[in-house]
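Protein chains in written order, with the numbering used here: chain B, 2 to 253; chain D, 60 to 353; chain C, 1424 to 1702. Accompanying notes for the structure given below.
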Amino acid sequence: MLAVEGLTKSFGGFTAVAEVDLVVDPGAIHAVIGPNGAGKTTLFNLVTGVLAPSAGRLTFEGQDVTGWRADRITARGVARTFQNIRLFREMTAVENVMVGAHCRTSGGFLAAVARWPWRPSRAERATVRRAEALLELVGLAAKRDVAADELTLVEQRRLEIARALATEPRLLLLDEPAAGMTPTEIQDANRLIMKIRDRGVTVLLTEHHMSLVMQVSDRITVLNYGRKIAEGSPETVRRDAEVLAAYLGADA
Amino acid sequence: MLLQQVVNGVMLGSTYALIAIGYTLVFGVLHLVHLAHGEVFMIGAFIGLYVVLWTGGGVVPALVGALLGTALLGVLIELVAFRPIRARGGHFLAPMISTIGVGIVLQEVATRLFGSELVGFPHRLEPVTFRLGPLTVTSLQLLILGVALALMIALHVFVARTRLGMAMRATAENLLTARLLGINTTRIILLTFAIASALGGAAGVLVGLSFNAISPFMGIDMGVKGLAIMLIGGLGNIHGAMLGGMALGVIEVLSVAYLASSYRDAFAFAMMIAILLLRPQGLFGSAEAVESRV
Amino acid sequence: MIDPYTESVLIFLGINTVLALSLALPVSAGLLSLGQGGFMAIGAYASAALTTWYGAPFPLALAVGALLAALAGLAVGFPALRIKGVYLLILTMGFGEIVRIFFLNFEPTGAASGFGGIHQATTLTGVTVTVVVLLLFFAQIRGSRIGRALEALREDELAAEVMGIELTRLKLAAFGVGALIAGLGGALYAHYALFIDSAQFGFHRSAEIFIIVLLGGMGSFWGAVAGAAAVTLLPELLRVIQEWRMTFFGTLLVAMMIWRPWGLIGRPRPRLIPGTPDA
């Protein structure tokens, strides 16, 4: 589904991602792990078009999307959440999710005007319903009208997922979805990720919490200093000597 | 002929450079655009005028008066309009918006005090004309150029060679770190305002001398132009401001001489828009400043 | 019937409201403009030329003036796409100056002597209708797809783009429609003031419109109305304010930035100009 070939990103003299090759299979839950600074978030930024690669190629569902702008990649079917949560703080939960639906709906100023003032358009009502369904999926239905910055951290992470799902992606990138979570919350997160996969969305995630990664992933890629150092099933990776060396001292 | 026009342009450009440097200094240290700087420049011109009228003195007292007066004004502006905002923290455009208010107030007060008409600016110089080969320059022009260059050199030496100048540069790079290193950033900021405003005030006197007329409205025209120059040279870059100012002066003079253009004032903005389109960080600026998004 | 003086005040209130709304739109997307005076000038001069030289009917002149201003808005919007914050403010200021200098020198519309002899076509009814229509327009946008997109753009431009919003079109639209409304205001103004010159549309005008929007709380449409009311009516109520109008508003601006940067109306918000990193 997603093929990353020789992807490289340098900032001046510093190479954050160095010739990484990665293949994500459809329907998989694929994890990218590595110590801090290994280049995981930069990789995500490259895949989602936030950053342009210095070298390498990006192929999604057979189409070359290298260097595409972020909104085009999202429209093509790749969505993401952010490690440091970038919700639209003053908008409510449901409004945040509805923004996600932007690229799947249409209508500008004229459409906004061409309706009775007291009644949202049919398209708008459909968007609301879809957003509410997604909130239901992530367990935030009760917080529908709460401003995003008034939610708890865990609720915010779930809202980000709902918002990303509203773009109707076929590949969803989760950037440290379990950061700041207690073990119970991590189990809930695991379940949610499986539910997402069952809906037909392929998942690529990065995470430090090994419990989540080992339980949920089909395949793991390990990065260190911007390079891929190991790849395989959770068991394979767990035993890989190089991976252990990279993680010496760091564990979750 | 061409060389003459270029020389004239450099004269004009040096006053532009002085104003642009004022903006640049403040932006460099505080990362804010001092939108009242144009009015400070205008007030400087009027201070110079009144020094001349009241004391019967010549250019030097006028300059000194303007330098001191506007330095004081600059400090006052920082104390009244900027510091209280910084103390309350956070809103990054609030100080800049506040300078809009300050500028408006200064402008109206000046209009009330001095009327809205152009006022002549007398100088007591002998109108001596020098001939240097094919060039003709008057003593007045030499004076203006000389003062402007002297001020710019003094500034350069100050910033590059003195301890205070280094403290200023450190504060401009990173205020927090500078403070942690023991630099009294509060005083440095005041000093920056004083110097920037003084340069603006001096430019006011010089412009008054060279055009022989000042009005309370000169601040707005010059002010926005100064901003344009700062943008062209690169926000916060002193050399960019100097060169940009000189370049603009030359371009404007050439446009009047060869295009008979009454649109000369528009060149500054046309250049600015071109720069924004082609190289938003300015001629000497750094790209990261403009386009950091992640 | 109301006396002529009160009618005049109300008409200016209406025109100021139109202008305030013209800025409120781009501001609601996080795009700050100190150049609305320039768009206003284009609308004013274009419409005045049409009615005075060609005897065009006022509604047509209004529409053409507004459309030309909108085109200018798109033209200014293009360089504005990649720049933010301070740069955008300076760019729009520069644009305002270019327009002012242009009309100061453009002979056919009077250059420095200005353009006079415009016949009065702006009525209180006309202005009121315009304001009401605009407010309806903004209310419609509020709960709509594009309204959300604008708000998302203001809150976090990067996140908005990653969520699939095409920034270019949105920003251009915000700028263009804002300019259109400013042009409308300019046309209304010209056909009430009966004489226009470039000085009326310079930086002071843009700053005043900016102050109005600021007073009411950035980007809030009702705030724009409140701000326009404050700026237009306060000088009427207090003689001393009328005499020292700009000093009053300038001081008010400074005071507001110190104590109530979120506007006189409205509650404190986490960031005054969202979309920027918290300092």
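Where is the CB? At the ideal position from N, CA and C, for every residue including glycine.
Step through the CB atoms of chain C and report whether any lies within less than 8 Å of the CB of G101 (chain B). One-based indexing of the first sequence puts residue 101 (chain B) at position 100. Cβ-Cβ to chain C under 8 Å: yes for G101 (chain B).
If you compare alpha carbons, which of B:Q64, B:L23, B:F61, B:M92 is closest to L44 (chain B)? Counting from one through the first sequence, the residue named residue 44 (chain B) turns up at place 43. Among B:Q64, B:L23, B:F61, B:M92, the Cα nearest to that of L44 (chain B) belongs to B:L23.
Out of B:L3, B:T42, B:A76, state which residue places its alpha-carbon closest to the alpha-carbon of N169 (chain B). Position 168 of the first sequence holds residue 169 (chain B). It should be pointed out that residue 169 (chain B) corresponds to Glu in this sequence rather than to Asn. It is B:A76.
To the nearest whole angstrom, what separates the beta carbons of G160 (chain D) and G282 (chain D), a pair I think is in contact under 8 Å? Position 101 of the second sequence, counted from the start, is the residue given in the question as residue 160 (chain D). Position 223 of the second sequence, counted from the start, is the residue given in the question as residue 282 (chain D). So it is not a contact: roughly 14 Å between Cβ atoms.
Residues of chain B with a CB under 7 Å from the CB of F1560 (chain C): which are they? For this step, residue 1560 (chain C) is matched to residue 137 along the third sequence. What F1560 (chain C) touches in chain B: V114.
Kindly give me the distance between the Cβ atoms of H210 (chain B) and I187 (chain B), rounded to whole angstroms, as I take these residues to be in contact under 8 Å. Translated into positions along the first sequence, residue 210 (chain B) becomes position 209. Translated into positions along the first sequence, residue 187 (chain B) becomes position 186. Confirmed, Cβ separation roughly 6 Å.
Do you know whose CA, among D:L89, D:P154, D:T245, lies nearest A231 (chain D)'s CA? Counting from one through the second sequence, the residue named residue 231 (chain D) turns up at place 172. Out of D:L89, D:P154, D:T245, D:L89 has the C-alpha closest to the C-alpha of A231 (chain D).
Output, in chain order, the set of chain B residues within a Cβ distance shorter than 7 Å of V1585 (chain C). As a first step, residue 1585 (chain C) must be located in the third sequence, where it is residue number 162. Within chain B, the residues near V1585 (chain C) are T49, V51, A71, T75, R81.
Under a Cβ-count criterion, where at least 16 other Cβ atoms within 10 Å of its own Cβ denotes burial, should Q157 (chain B) be classed as buried or exposed? Here the question's residue 157 (chain B) lines up with position 156 in the first sequence. With 16 or more other Cβ atoms within 10 Å, it is buried.
What are the start and end residues of the alpha helix (DSSP H) that includes V18 (chain B)? Your numbering for residue 18 (chain B) matches position 17 in the first sequence. Looking at the DSSP string, V18 (chain B) is not in any alpha helix (DSSP H); the run it does join, the beta strand (DSSP E), is 15-25.
C-beta contact flag for I1619 (chain C) and A1471 (chain C) at 8 Å: On the third sequence, residue 1619 (chain C) is found 196 positions in, with the first residue counted as 1. On the third sequence, residue 1471 (chain C) is found 48 positions in, with the first residue counted as 1. Result yes, Cβ atoms of I1619 (chain C) and A1471 (chain C) sit closer than 8 Å.
Of the residues B:K229, B:A231, B:N225, which one's Cα is nearest the Cα of G38 (chain B)? What you label residue 38 (chain B) is simply residue 37 of the first sequence in a count that begins at 1. When only C-alpha atoms are compared, the closest one is B:N225.
Using C-beta distances below 7 Å, list every residue in its chain close to S55 (chain B), excluding the 5 sequence neighbours before and after it, in chain order. In the first sequence, the residue the question calls residue 55 (chain B) occupies position 54. Same-chain partners within the cutoff: T9, K10, S11.
If you follow the beta strand (DSSP E) that S11 (chain B) is in, where does it begin and where does it stop? Locating residue 11 (chain B) in the first sequence gives position 10, where the first residue counts as 1. Segment 3-12, the beta strand (DSSP E) holding S11 (chain B).
Can you tell which of B:R228, B:F83, B:A134, B:V66 has its C-alpha closest to the C-alpha of T16 (chain B)? Position 15 of the first sequence, counted from the first residue, corresponds to residue 16 (chain B). With distances taken between Cα atoms, T16 (chain B) lies closest to B:R228.
Selection from D:A327, D:Q340, D:F217 that minimises the alpha carbon distance to L294 (chain D): By 1-based counting over the second sequence, the position of residue 294 (chain D) is 235. It is D:Q340 whose Cα lies nearest to the Cα of L294 (chain D).
Identify whether P1693 (chain C) lies in helix, strand or coil by the three-state DSSP scheme. The residue given as residue 1693 (chain C) occupies position 270 in the third sequence. Any answer about P1693 (chain C) is weak, because its pLDDT of 49 lies below 50 and its placement is not dependable; what the coordinates show is given next. P1693 (chain C) falls in the coil class under three-state DSSP.
Counting along the chain, where does the alpha helix (DSSP H) carrying T1548 (chain C) start and finish? Along the third sequence, read from residue 1 onward, the residue named residue 1548 (chain C) stands at position 125. Segment 1547-1565, the alpha helix (DSSP H) holding T1548 (chain C).
Any C-beta of chain D sitting closer than 8 Å to the C-beta of M1669 (chain C)? Counted from its first residue, the third sequence places residue 1669 (chain C) at position 246. Closer than 8 Å: yes.
So, does the region 1432-1450 of chain C touch the region 1648-1660 of chain C, judging by three or more C-beta pairs under 8 Å? yes
Near A132 (chain B), what residues of its chain come up, given a Cβ to Cβ distance below 6 Å and the 5 sequence neighbours on each side ignored? Position 131 of the first sequence, counted from the start, is the residue given in the question as residue 132 (chain B). If we look at A132 (chain B) and ignore the five residues flanking it on each side, its Cβ neighbours are V95, V98, M99.
Contacting residues, own chain, Cβ-Cβ under 6 Å from G50 (chain B) (five flanking each side not counted): Numbered from 1 along the first sequence, position 49 holds the residue referred to as residue 50 (chain B). Closer than 6 Å at Cβ, skipping near neighbours: W69, R70, A71, I74.
From D:V309, D:A316, D:L313, D:L335, residue whose alpha carbon lies closest to that of Y75 (chain D): The residue you call residue 75 (chain D) lines up with position 16 of the second sequence. Here the closest residue by C-alpha is D:V309.
Measure the beta-carbon distance from I1524 (chain C) to Y322 (chain D) and round it to whole angstroms, keeping in mind my assumption that it falls under 8 Å. For the purposes of this step, residue 1524 (chain C) is identified with residue 101 of the third sequence, where counting begins at 1. For the purposes of this step, residue 322 (chain D) is identified with residue 263 of the second sequence, where counting begins at 1. Between Y322 (chain D) and I1524 (chain C) the Cβ distance is about 6 Å, and since that is below 8 Å, they are a contact.
If A1467 (chain C) sits next to A1613 (chain C), beta carbons under 8 Å apart, how far is it from one beta carbon to the other, in whole angstroms? Looking up residue 1467 (chain C) in the third sequence gives position 44. Looking up residue 1613 (chain C) in the third sequence gives position 190. With a Cβ gap of about 4 Å, A1467 (chain C) and A1613 (chain C) count as contacting.
Interface positions of the region 1502-1522 of chain C facing chain D (Cβ-Cβ less than 9 Å), listed along the chain: P1502, A1503, R1505, I1506, K1507, G1508, V1509, Y1510, L1512, I1513, L1514, M1516, G1517, F1518, G1519, E1520, I1521
Taking the alpha carbon of F1624 (chain C) as the reference point, which residue from C:A1610, C:V1636, C:L1547 has its own alpha carbon closest? Walking along the third sequence from the start, residue 1624 (chain C) turns up at place 201. Comparing Cα positions, the closest option is C:A1610.
So, is N191 (chain B) buried or exposed, given that buried needs 16 or more other C-beta atoms within 10 angstroms? Within the first sequence, numbered from 1, the residue matching residue 191 (chain B) stands at position 190. The residue in question, N191 (chain B), is buried, as its Cβ has 16 or more Cβ neighbours within 10 Å.
For Q1563 (chain C), decide whether its Cβ has a neighbour in chain B, counting only Cβ atoms nearer than 8 Å. Here residue 1563 (chain C) corresponds to residue number 140 of the third sequence, with the count starting at 1. It does: the Cβ of Q1563 (chain C) has a partner Cβ on chain B nearer than 8 Å.
Cβ shell of V110 (chain D) (< 6 Å), same chain only, five flanking positions each side left out: Counting from 1 along the second sequence, the entry for residue 110 (chain D) is found at position 51. Counting only Cβ-Cβ distances below 6 Å, and skipping sequence neighbours, we find P120, A121, G124.
Let me know the secondary structure DSSP gives N191 (chain B) once reduced to three states. Taking the first residue of the first sequence as position 1, residue 191 (chain B) is located at position 190. Residue state, collapsed to three classes: helix.
Taking L1557 (chain C) as the reference, which of C:W1645, C:L1490, C:G1540 has the closest Cα? Here the question's residue 1557 (chain C) lines up with position 134 in the third sequence. The option with the nearest alpha carbon to L1557 (chain C) is C:W1645.
Roughly how many angstroms lie between the CA atoms of T1674 (chain C) and M305 (chain D), to the nearest whole one? What you label residue 1674 (chain C) is simply residue 251 of the third sequence in a count that begins at 1. What you label residue 305 (chain D) is simply residue 246 of the second sequence in a count that begins at 1. Cα-Cα distance, rounded: 35 Å.
From this set, D:V168, D:A207, D:L94, D:R190, which residue's C-alpha is nearest P154 (chain D)'s C-alpha? Working through the second sequence from its first residue, we reach residue 154 (chain D) at position 95. Answer by Cα proximity: D:L94.
Of all the CB atoms in chain C, is at least one closer than 8 Å to the CB of E350 (chain D)? Translated into positions along the second sequence, residue 350 (chain D) becomes position 291. With a pLDDT of 48 at E350 (chain D), under the threshold of 50, the modelled position of that residue is not reliable, and the figure given next carries that caveat. It does; some Cβ of chain C falls within 8 Å.
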